[in-house]
Amino acid sequence: MVIRQMISIYCRKRHNIKSGDLCEECTQLLKYALARLDHCPKGNNKSSCRKCEIHCYSPNNRIKIREVMKYVGPRMIFIHPISAVRHLISEFDIIK
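In this note's numbering, the protein residues as written are 45 to 140.
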């Protein structure tokens with residue numbers, strides 16, 4: 045799952061946590077994000093959260109997740125190229 049990859053990269057690079065582990069703050073953010081995804085009213089038909097009109101993240105967690113995305117997003121093509129390309133395709137509706 046892309047959100048798990050992104051939070052893991054962020055935590056490793058920004059919080060100096062070794063690969064495979066997460067600090068307490070990032071662990072809580074990941075749990076929150078996964079819970080939100082599990083309870084998304086759009087189910088499997090969801091777009092990226094950025095394009096969604098519902099916005100189910102709390103304002104505080106929305107700020108945190110944006111920080112993660114802003115930092116990791118540009119680096120994803122080098123770290124997880126397949127995930128990055130899949131995300132770009134869905135983000136820009138390249139294939140319908």
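C-beta: ideal position from N, C-alpha, C; glycine also.
Does the distance from the C-beta atom of residue i to that of residue j stay below 9 angstroms?
{"i": "residue 61", "j": "residue 116", "result": "no"}
{"i": "residue 49", "j": "residue 123", "result": "yes"}
Rounded to a whole number of angstroms, what is the C-alpha to C-alpha distance between residue i and residue j?
{"i": "residue 113", "j": "residue 90", "result": "18 angstroms"}
{"i": "residue 103", "j": "residue 109", "result": "10 angstroms"}
{"i": "residue 67", "j": "residue 101", "result": "20 angstroms"}
{"i": "residue 59", "j": "residue 105", "result": "17 angstroms"}
{"i": "residue 92", "j": "residue 64", "result": "25 angstroms"}
{"i": "residue 82", "j": "residue 71", "result": "16 angstroms"}
{"i": "residue 107", "j": "residue 56", "result": "19 angstroms"}
Looking at chain D, is there any beta carbon in it that lies within less than 9 angstroms of the beta carbon of residue i?
{"i": "residue 86", "result": "Although the question refers to chain D, the structure presented lacks it and comprises just one protein chain."}
So residue i packs on residue j, CB below 8 angstroms; how close in whole Å?
{"i": "residue 85", "j": "residue 98", "result": "7 angstroms"}
Residue ranges of each alpha helix (DSSP H) within the stretch 74-130, 4 or longer: If we require 4 residues or more, the alpha helix (DSSP H) runs fully inside the stretch 74-130 come out as 103-116 and 120-123.
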